[in-house]
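> My structure is below; once you've seen it, I'll send some questions.
Protein chains: 2
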Amino acid sequence: MMAAEAYPSYPPELSQTQLSYLLQNLMDYSLSHGLAVRPAESFISKELSSNGALATHAPVTLFPSPFSRSCLEEGRAVQKDYNELYARVSGNEEWLEKIIVELSEVDDFMARLYKVHLDVKAEGFVQPLSLGLFRSDYMIHNPAEDPNALPVIHQVEFNTISSSFGALSTRVSELHRHLARMGAYPSDSIIKTENIPVSPALPELAKGLAVAHKAYGSGGEGRSTAILIIIQPGEKNIFDQRWLEYELLERHSVQTYRISLPDVPKLTKLASGTRALIYSPPQAPNTQIEVSTVYFRAGYGPEDYAGEDDWAARTTLERSKAIKCPSVITQLAGAKKIQQVLAVDGAVEEFLADRNVSSRVRGTFAAIHPLDQSPAGMAARKLALEKPDTYVLKPQREGGGNNIYRGDIPGFLKSIPESHWSGYILMELIQPPALENTIIRNGGLMSGGVVGELGVYGAILWKDGEGEERGKGLKEIVMNSEAGWLLRTKGRQSNEGGVAAGFGSVDAVLLVD
Amino acid sequence: MMAAEAYPSYPPELSQTQLSYLLQNLMDYSLSHGLAVRPAESFISKELSSNGALATHAPVTLFPSPFSRSCLEEGRAVQKDYNELYARVSGNEEWLEKIIVELSEVDDFMARLYKVHLDVKAEGFVQPLSLGLFRSDYMIHNPAEDPNALPVIHQVEFNTISSSFGALSTRVSELHRHLARMGAYPSDSIIKTENIPVSPALPELAKGLAVAHKAYGSGGEGRSTAILIIIQPGEKNIFDQRWLEYELLERHSVQTYRISLPDVPKLTKLASGTRALIYSPPQAPNTQIEVSTVYFRAGYGPEDYAGEDDWAARTTLERSKAIKCPSVITQLAGAKKIQQVLAVDGAVEEFLADRNVSSRVRGTFAAIHPLDQSPAGMAARKLALEKPDTYVLKPQREGGGNNIYRGDIPGFLKSIPESHWSGYILMELIQPPALENTIIRNGGLMSGGVVGELGVYGAILWKDGEGEERGKGLKEIVMNSEAGWLLRTKGRQSNEGGVAAGFGSVDAVLLVD
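This is the structure:
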């Protein structure tokens, strides 16, 4: 069931000459403005690229994608509430524990992370401040069965660690604005600079890090302070990270250092007593830098931990006095399961007391129905059996089985005992508008049906309780801001030919009313 | 005869770890800030790079090179005088004619260019304004035989067309400043940000073009105006050009278009009567753009003219109402022969009436002695025979033979009849300070003895006489400014091992007193 093309005359058709002109300008602008990545090995062999002397343009769309102005506004407007929600969730361990323990049974990675948190908690935390650079991801929901309904945003996931693409998001909106301004798009198209806002993600995320750095205060024993970025070796998306470093240095005079988890034991130590995290750069081994903030751009998945040494490294960082972006408990709060539990009636409301606020947050959730014997559950059972076309059936326990889509739902339910139905939830499928675009990647083009995902960044610095009060509720929000957005555009899953599914790119919003 | 190392403890020695840290940071900063070129085919095959999706860092030095503060100041201080000198030379055809006619006998390219000028002159020029974006190139002269002499700059050549590397010059000074600021150089080295000024070449050259564009006025019949850049197809140094375009668009709201000489007949025409140059972009063939300024980044050498069609194209541009940067006569004024003639006593003084000004200009000339029977000539003959080690013997007629260096001079003079000696001039060899540095190119390193060449940019817009008055002296200087600098560093010619001669790079000045 594919929605009709939302903007049938978009993108504008180009002659071969127009396409070639647009492409040249896109390539040159991207490559000169650091809208770039290190080339994939499938594109440029390791031998040629190993010295890091090459860059290629980031995967981008040729055109900005039409995006509902009210949807962008809604996503931005709700971000500070989301920041607060997840900060409060992180700070409420009683609430979290039950879910994480259950999750740990089926997810070893979550279990291991939780152990790090509990170990450090047993010893006692020395840093009450936590930084979150979050990203809330949405798709536009525009149900085909109701052509008069206004488009709304529905949340896909909430990221509490390593939210990437902020800098490239700023750069790609500048790219599309530039192309519009210089006349690379046909002059009769709807692509005008005034409808392509520049995402402030790069300056805003850097500002978030700078605020944390400053809040840390000065180093002990006259040490200078810096931010330590935890990276994956061989990162291809390095320029997205570098821009934050440049912004921090140039605009905030904050130094940064990059380190991978395996290097943590060699290059860092904790000062006895204060547990200040001391970093000695390999290029200046006699220097002692005190780390104000540990910013994770790695460590978000199990593949980043090769063995116990890496877990020990993560534990060292968590034990330290440095502000963590994020702390382990905040990383755990980003589990999909938490998102699901928050969608249950009353959950969000526990954390956001103001009804206007909690209902605005709830308004961005996709509908989730229990399939138990409550009145809501009974109504949902009827939906699942009779009108399953816009739903997905998911097992309650993460890792407990596969999702069942649309028309497969009634048959599946009938194949299992009715007493097991309450182990599932019924989720509304998000129905994004059908769009067309061309994605360019490694210099190659793919045109066809695409789907966009909006990410809205947030930056929040908060203070947890100290000592016995840790984990018993957030104490103070020091800084809370919306921090720009990202539009990621990829090939539609059920697309025949054209852009392959998952062939992703960064994109700019072309605001439409 | 190699001078002793000028800064024996420079550049600082690096450990392997320090080098690798510096390199990574240099690569990433260059590639994200457009300090880049398209990779050479010797590095990346044409198949991989043909779609323009790759960039590599520009060839740069690892360290900024020590450069005398007073020499940079002198070069900058004299640039406006040089701008005026060459504008006045361009406007004085009586003076130029004799030299160019003589030059034309041995140089077909000069002859052909001069024919273009004469053809257009016969018809009459319709644009009194000319733009010069010049670059005066110097080497530091620091004679080894006089260790107490202050270093001075001596001119190598004066470029009146396609002066390149302005944007990369701005970017490389930003690069070295960044590396100094972030701590990529050893902290006990003399490399400090306050001694690495940023060259304003990029904004200043763009401003020069913008001033010309504005002075052109509005287009006829409601046409919008733009700058047309004449380019070589397949330009590898494209980002150096693109930055000017971005600066023009973003800071001055001036549109630019790129075109190669062979495309001129297809895409342009002259409006009848006004001879306004009308450009129709291939990507918008129904649009008529009036060209305010033709900016040549090609056409400077014979290899840019494949045949009569390209000469016809150049003629069309010269005939047009557009302001030329430069006009053909200004290009001719940049011949090496003109530089030589200007060095003769009284020549500069013909154009720059103020003695302070003309002597300041003359102060940057390398000493040139006639070998005729004048008293000066007789003294020079003695020098040539007895102390030839710091001289080069050059035939008066360009293209008339090879240069004779140093110790070969006495033997050569004795081998020819004394009556022929006046056909030669004796030029002082510039003795630059011996420096060491590392040049990085295509990701590969070459360390060793290097020599630096300073280029100082200038921008000047002037008005020639109209009608009968054309060529009889410049009428008015509309704008005249110094426009930043460039330091190019290459391997020393007689270097044993290390940096190969001509292995050039862009560099930043590290000011020393």
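Taken in order, these protein sequences are the chains called A and B. Just so you know, we're using our numbering here: the first sequence kicks off at 1 and counts up by one. Just so you know, we're using our numbering here: the second sequence kicks off at 1001 and counts up by one. We treat Cβ as the ideally placed atom computed from N, Cα and C, and that holds for glycine. None of these values were measured; they are calculated from a predicted model.
Whose Cβ in chain A lies nearer than 9 Å to the Cβ of I1044/B?
Here residue 1044/B is taken as the residue at index 44 of the second sequence, counted from 1. Ordered by position in chain A, the residues that pass the 9 Å Cβ test against I1044/B are I44, L48, L54.
> Taking all protein chains shown into account, do 16 or more other C-beta atoms lie within 10 angstroms of the C-beta of M1378/B, making it buried, or fewer, making it exposed?
Counted from its first residue, the second sequence places residue 1378/B at position 378. Exposed, since its Cβ has fewer than 16 Cβ neighbours within 10 Å.
> Could you check what DSSP says for K321/A in three-state terms: helix, strand or coil?
One-based indexing of the first sequence puts residue 321/A at position 321. If DSSP states are grouped into helix, strand and coil, K321/A belongs with coil.
> List, in chain order, every chain B residue whose beta-carbon is nearer than 9 Å to that of L202/A.
Along the first sequence, one-based indexing puts residue 202/A at 202. Going along chain B, no residue has its Cβ under 9 Å from L202/A, so there is no contact; the nearest lies around 12 Å.
> Specify the secondary structure class of A306/A as computed by DSSP and reduced to three states.
To locate residue 306/A, count along the first sequence from 1; it is residue 306. A306/A: coil per DSSP, three-state reduction.
> What number of angstroms, rounded off, separates the C-alpha of H33/A from the C-alpha of I230/A?
Against the first sequence, residue 33/A aligns to sequence position 33. Against the first sequence, residue 230/A aligns to sequence position 230. So the two alpha carbons sit approximately 25 Å from each other.
> Determine contact between the stretch 450-467 of chain A and the stretch 82-89 of chain A, defined as no fewer than three beta-carbon pairs at a distance below 8 Å.
Yes, since at least three Cβ pairs between the stretch 450-467 of chain A and the stretch 82-89 of chain A fall closer than 8 Å, the two stretches touch.
> Answer with yes or no whether the minimum CB distance from G400/A to chain B is below 8 Å.
As a first step, residue 400/A must be located in the first sequence, where it is residue number 400. Caution applies to G400/A, whose pLDDT of 47 falls short of 50 and renders its modelled position unreliable; the model cannot decide the point.
> Which residues in chain B sit within 8 Å of M446/A, going by Cβ to Cβ distance?
Residue mapping note: residue 446/A aligns to position 446 of the first sequence, counting from 1. Here the premise fails: no neighbours, minimum Cβ distance about 14 Å.
> Taking DSSP as the reference, what is the three-state secondary structure of A1483/B?
Numbered from its first residue, the second sequence carries residue 1483/B at position 483. A1483/B falls in the strand class under three-state DSSP.
> Would you mind stating whether I1227/B and L1202/B have Cβ atoms separated by less than 8 Å?
As a first step, residue 1227/B is located in the second sequence; it is residue number 227 there, counting from the start. As a first step, residue 1202/B is located in the second sequence; it is residue number 202 there, counting from the start. No, Cβ-Cβ distance for I1227/B and L1202/B is not below 8 Å.
> Would you say S1032/B faces chain A, with C-beta separation under 8 Å as the test?
Here the question's residue 1032/B lines up with position 32 in the second sequence. Taking Cβ atoms only, chain A reaches closer than 8 Å to S1032/B, which makes this a yes.
> If I measure Cβ to Cβ from L317/A and keep anything under 6 Å in the same chain, skipping five residues before and after, which residues do I get?
For the purposes of this step, residue 317/A is identified with residue 317 of the first sequence, where counting begins at 1. Result list for L317/A: V294, in chain order.
> Can you find the residues in the same chain that come closer than 6 Å, C-beta to C-beta, to T61/A, ignoring five residues on each side of it along the sequence?
In the first sequence, counting from the first residue as 1, residue 61/A sits at position 61. Contacts found: N437, I439, T489, S505, D507.
> Measure the Cβ-Cβ separation of Y279/A and L267/A and say whether it is below 8 Å.
Reading the first sequence from its first residue, position 279 is the one you call residue 279/A. Reading the first sequence from its first residue, position 267 is the one you call residue 267/A. Closer than 8 Å, so yes.
> Can the beta-carbon of L1393/B be found closer than 8 Å to that of L1429/B?
Sequence index remark: in the second sequence, residue 1393/B carries index 393 (1-based). Sequence index remark: in the second sequence, residue 1429/B carries index 429 (1-based). Taking 8 Å as the Cβ cut-off, L1393/B and L1429/B do not qualify as a contacting pair.
> Alpha carbon to alpha carbon, what distance is there between V120/A and R360/A?
Walking along the first sequence from the start, residue 360/A turns up at place 360. Walking along the first sequence from the start, residue 120/A turns up at place 120. Cα-Cα distance, rounded: 35 Å.
> Using 7 Å as the cut-off, classify the Cβ of V1341/B as near or not near the heavy atoms of the ligand NAD, replying yes or no.
For the ligand NAD, the structure offers nothing, since it holds no ligand at all.
> Hey, could you find the ends of the beta strand (DSSP E) A149/A is sitting in?
Residue mapping note: residue 149/A aligns to position 149 of the first sequence, counting from 1. Run containing A149/A: none; DSSP gives neither H nor E here.
> Mind pulling the chain B residues with CB within less than 8 Å of L249/A?
For the purposes of this step, residue 249/A is identified with residue 249 of the first sequence, where counting begins at 1. Here the neighbours are H1178, R1181, M1182.
> Please work out which residues of its chain come closer than 7 Å, Cβ to Cβ, to E476/A, disregarding the five sequence neighbours upstream and downstream, and give them in chain order.
Start at 1 with the first residue of the first sequence, and residue 476/A comes out as number 476. Result list for E476/A: W462, K463, in chain order.
> Across the stretch 1360-1377 of chain B and the stretch 1120-1129 of chain B, are there enough close Cβ pairs to call them in contact, namely three or more that are closer than 8 Å?
Verdict: no, contact absent.
> Interface residues of chain E around S187/A at Cβ under 9 Å?
The displayed structure is made up of protein chains A and B, and chain E is not among them.
> Which two residues bound the contiguous beta strand (DSSP E) that contains P66/A?
Residue mapping note: residue 66/A aligns to position 66 of the first sequence, counting from 1. That run of the beta strand (DSSP E) goes 65-68.
> Does the distance from the CB of R524/A to the CB of G452/A come in under 8 Å?
The requested residue 524/A does not occur in the structure, where chain A is confined to residues 1 to 513.
> For W462/A, write down the residues that DSSP places opposite it in a beta bridge.
Here residue 462/A refers to the residue found at position 462 of the first sequence. W462/A pairs with S130/A, I477/A.
> In this structure, does DSSP put E1097/B in helix, strand or coil?
Here residue 1097/B refers to the residue found at position 97 of the second sequence. DSSP places E1097/B in helix when its eight states are reduced to three.
> Could you work out which residue in S1320/B, Y1246/B, E1157/B, I1190/B is closest to D1013/B when comparing CA atoms only?
By one-based count along the second sequence, residue 1013/B stands at place 13. Looking at the sequence itself, residue 1013/B is Glu, so the reference to Asp does not match. The candidate whose alpha carbon is nearest that of E1013/B is I1190/B.
> G1234/B and Q24/A - do their beta-carbons sit closer together than 8 Å?
Looking up residue 24/A in the first sequence gives position 24. Looking up residue 1234/B in the second sequence gives position 234. No; because the gap between Cβ atoms is not below 8 Å, this pair is not in contact.
> Does the distance from the CB of P285/A to the CB of Y257/A come in under 8 Å?
As a position in the first sequence, residue 285/A is number 285, starting the count at 1. As a position in the first sequence, residue 257/A is number 257, starting the count at 1. Taking 8 Å as the Cβ cut-off, P285/A and Y257/A do not qualify as a contacting pair.
> Within 8 Å of any Cβ in chain B, is that where the Cβ of Q18/A sits?
As a first step, residue 18/A must be located in the first sequence, where it is residue number 18. At least one chain B Cβ lies under 8 Å of Q18/A.
> Alpha carbons only, please: which of Y185/A, L249/A, V254/A, H369/A is nearest the one belonging to Q1283/B?
Position 283 of the second sequence, counting from 1, holds the residue named residue 1283/B. Comparing Cα positions, the closest option is Y185/A.
> Taking the C-alpha atoms as reference points, what is the distance between T1056/B and L244/A?
For the purposes of this step, residue 1056/B is taken as residue 56 along the second sequence, with counting starting at 1. For the purposes of this step, residue 244/A is taken as residue 244 along the first sequence, with counting starting at 1. Distance between the alpha carbons of T1056/B and L244/A: 21 Å.
> Write down the C-beta distance between L1031/B and I1044/B rounded to the nearest angstrom, noting that I regard them as a contact closer than 8 Å.
In the second sequence, residue 1031/B corresponds to position 31, counting from 1. In the second sequence, residue 1044/B corresponds to position 44, counting from 1. Wrong, their Cβ atoms sit about 14 Å apart, outside the cutoff.
> Are the C-beta of P39/A and some C-beta of chain B separated by less than 8 Å?
Mapped onto the first sequence, residue 39/A falls at position 39. Yes, because at least one Cβ of chain B sits closer than 8 Å to the Cβ of P39/A.
> Please report the distance separating the alpha-carbon of I153/A from that of D513/A.
Within the first sequence, residue 153/A is the residue found at index 153, counting from 1. Within the first sequence, residue 513/A is the residue found at index 513, counting from 1. Each residue's Cα considered, the two are about 14 Å apart.
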